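Heads up: the sequence shown is residues 38 to 213, going by the working numbering.
A short worksheet on the structure shown next.
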Amino acid sequence: MDILAHSIWSALVAKSINLNKKKKLSLLKTALWGIFPDLFSFTLLFIVLFIGTLFGTTPVPDHNNIEPAMRNGSISIITEVLYEFSHSLIIFAIILLVLYVSTGKVIWEMLGWGLHIIIDIFTHSYKFYPTPFLWPFSEFRYDGISWSQSWFQIINYSAMIIVFGIIWWCEKKKKR
Ligand SMILES: [Zn+2]
38 MDILAHSIWS ALVAKSINLN KKKKLSLLKT ALWGIFPDLF SFTLLFIVLF IGTLFGTTPV
98 PDHNNIEPAM RNGSISIITE VLYEFSHSLI IFAIILLVLY VSTGKVIWEM LGWGLHIIID
158 IFTHSYKFYP TPFLWPFSEF RYDGISWSQS WFQIINYSAM IIVFGIIWWC EKKKKR
């Protein structure tokens, strides 16, 4: 799914958890964790593509042709590894556990990261970065619905507005 949608869904989930929680989750931190997997995977690639574009060594990726441009060169191998690392539920669980053992508390905002992976499993098809959620134990990836189709985007963003409305209504009802 796109990065904006990931941040909004993460914040909405945190907001809905906060309805019944005394110690509130930070919406901003949850949203940042929600986009962390993509920032981790693609920042390096975009810097390289950007510099390449400036110096005219990378073809400018157009909307329909983004993947071949992204898959050019050795940088794509590094990106693939970073993508596998940040889009694995196994890695996510291990890091969550390590942080819990070392600090004695669960960083609940990190649920944004887990949510990102779960959403990506179903919203990426084999054509564009299917989600390696069982990496490094298995290369299995689910062939989901591609999030970039316009009908999907319309439903997705409409659903966010509806969910926001429901949470807002619940908050108002609680305050009464
Ligand atoms: Zn992602």
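Where a beta carbon is used, it is the ideal one built from N, C-alpha and C, also for glycine.
Here the structure is a predicted model, which means the values were calculated and not measured.
Do HIS124 and PRO167 have their CB atoms nearer than 7 Å? Not closer than 7 Å, so no.
Using 10 angstroms around the beta-carbon of THR67, count the other beta-carbons present and answer buried if the total reaches 16, otherwise exposed. THR67 is buried by the Cβ-count criterion.
Is the beta carbon of PRO74 within less than 6 Å of some heavy atom of ligand 1? yes
Could you give the C-beta distance for PHE122 and ILE131, rounded to a whole number, given that I count them as a contact under 8 Å? Rounded to whole angstroms, the Cβ separation of PHE122 and ILE131 is 11 Å, and the two are not in contact under 8 Å.
Cβ-based neighbour list, SER44, same chain, cut-off 6 Å, excluding 5 preceding and 5 following: ALA68, GLY71 and ILE72
Quick check on the burial criterion: 16 or more other C-beta atoms within 10 angstroms. Buried or exposed for TYR120? buried
Enumerate in chain order the residues of its own chain whose CB-to-CB distance from LEU65 is below 8 Å, with the five nearest sequence positions on each side excluded. ALA48
Looking only at its chain, what residues have a beta carbon closer than 7 Å to the beta carbon of MET147, apart from the 5 residues adjacent to it on each side? Hits under 7 Å: TRP70 and LEU133.
Reduced DSSP secondary structure (H/G/I, E/B, other) of GLU176: In the structure shown, GLU176 sits in coil (DSSP, three-state: anything other than H, G, I, E or B).
Same chain, Cβ closer than 8 Å to THR116, five either side skipped, listed in chain order: SER78, PHE79, LEU81, LEU82 and MET107
Using the three-state DSSP reduction, which class does VAL143 fall into: helix, strand or coil? coil
Are there any heavy atoms of ligand 1 lying less than 6 Å away from the beta-carbon of ASP39, as far as the coordinates show? no
Tell me which same chain residues have a C-beta within less than 6 Å of the C-beta of ILE40, skipping the five on either side of it? ILE72 and ASP75
State yes or no: is the C-beta of SER187 within less than 7 Å of the C-beta of SER162? no
Out of GLY93, ASN57 and ARG178, which one is the CA nearest neighbour of LYS212? ASN57
Own chain residues within Cβ distance below 8 Å of LEU171, not counting five before or after: SER125, LEU126, ILE127 and PHE177
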